[in-house]
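In our numbering, the protein residues as written are 1 to 235.
C-beta: ideal position from N, C-alpha, C; glycine also.
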Ligand code: C5P
């Protein structure tokens with residue numbers, strides 16, 4: 001898989017998602033399904049979106065003891081999704097077990113990436129609540145390195161961290177980056193944002209875009225604009 005735009009389908013019912021995806025007649029976008037939709041609709045929603053021809057990033061951010069995560073991944077791999085994720089803070093052993101659980105008997109598996117540090121975690125919370133007295137960007141890079149050591153395919157991170165993650169973990173290590181806004185979009189609750197064109201320059205492999213597409217007057221045009229700005233047209 002190469003560079004792509006992943007639409008965060010943060011809707012809370014199947015009918016809203018289907019109405020949204022029905023707008024896309026020519027190109028079937030890569031979609032992200034999160035906890036909200038999955039917990040409401042269950043595995044049906046994944047199977048149905050897959051049946052309609054979309055690639056899926058199933059964003060459930062698993063984090064538990066290694067054996068439980070391994071068994072969870074074995075269930076998810078049967079849904080034939082394209083990307084799954086776990087929290088890097090679960091540790092290297094948990095991530096290794098996740099990879100094992102995800103690997104099918106024929107050796108194939110979805111891509112597995114890890115959340116380094118949620119972008120909602122700031123330095124003060126890190127120190128006061130988690131008792132981690134290290135600069136947050138160092139924590140992100142340390143976790144990214146653990147993710148690489150565990151053999152996973154990449155991380156979810158801010159586009160601002162993508163270049164440094166590639167420097168530390170290698171060019172082939174995937175950076176999947178939310179926090180994307182057009183110059184003229186509403187910022188909403190996101191903080192450290194970049195445009196699709198800036199994320200491309202920063203070396204992001206996949207951008208995850210929600211509201212700038214889902215809330216746009218013309219979602220198909222907003223999606224096409226992201227693709228034009230982010231994906232190498234000649235590639
Ligand atoms: O609407 P918006 O473009 O902000 O959506 C971004 C998506 O990426 C949401 O589904 C959000 O939960 C997810 N995400 C994020 N920041 C992270 C991890 C995930 O915005 N650090």
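Neighbour-count burial assignment, residue i, 16 or more Cβ in a 10 Å radius
i	result
residue 186	exposed
residue 215	exposed
residue 44	exposed
residue 125	exposed
residue 230	buried
residue 13	exposed
residue 134	exposed
residue 39	exposed
residue 108	exposed
residue 208	buried
residue 65	exposed
residue 171	exposed
residue 71	exposed
residue 151	exposed
residue 235	Residue placement at residue 235 is flagged as unreliable, the pLDDT there being 47, under the threshold of 50; the coordinate-derived value follows with that caveat. Exposed, since its Cβ has fewer than 16 Cβ neighbours within 10 Å.
residue 130	exposed
residue 153	buried
Residue i Cβ short of 7 Å to the ligand C5P heavy atom set
i	result
residue 167	no
residue 78	no
residue 178	yes
residue 29	no
residue 10	yes
residue 225	no
residue 175	no
residue 208	yes
residue 119	yes
residue 211	yes
residue 32	yes
residue 156	yes
residue 90	no
residue 53	no
residue 188	yes
According to DSSP, residues forming a beta bridge with residue i
i	result
residue 206	4, 176
residue 85	113
residue 240	Residue 240 lies beyond the residue range present for the chain, which begins at 1 and ends at 235; the question has no answer from this structure.
residue 49	Its beta-bridge partners do not exist; DSSP assigns none.
residue 69	Partner(s): none; residue 69 has no beta bridge.
residue 17	According to DSSP, residue 17 bridges with nothing at all.
residue 57	32, 83
residue 62	86
residue 154	113, 174
Proximity below 8 Å, CB of residue i to CB of residue j
i	j	result
residue 119	residue 158	yes
residue 7	residue 32	yes
residue 257	residue 211	Since the first and last residues shown for the chain are 1 and 235, residue 257 lies out of range.
residue 213	residue 223	yes
residue 110	residue 132	no
residue 147	residue 88	yes
residue 113	residue 174	yes
residue 101	residue 69	yes
residue 177	residue 140	no
residue 46	residue 30	no
residue 52	residue 79	no
residue 144	residue 202	no
residue 42	residue 10	no
residue 37	residue 58	no
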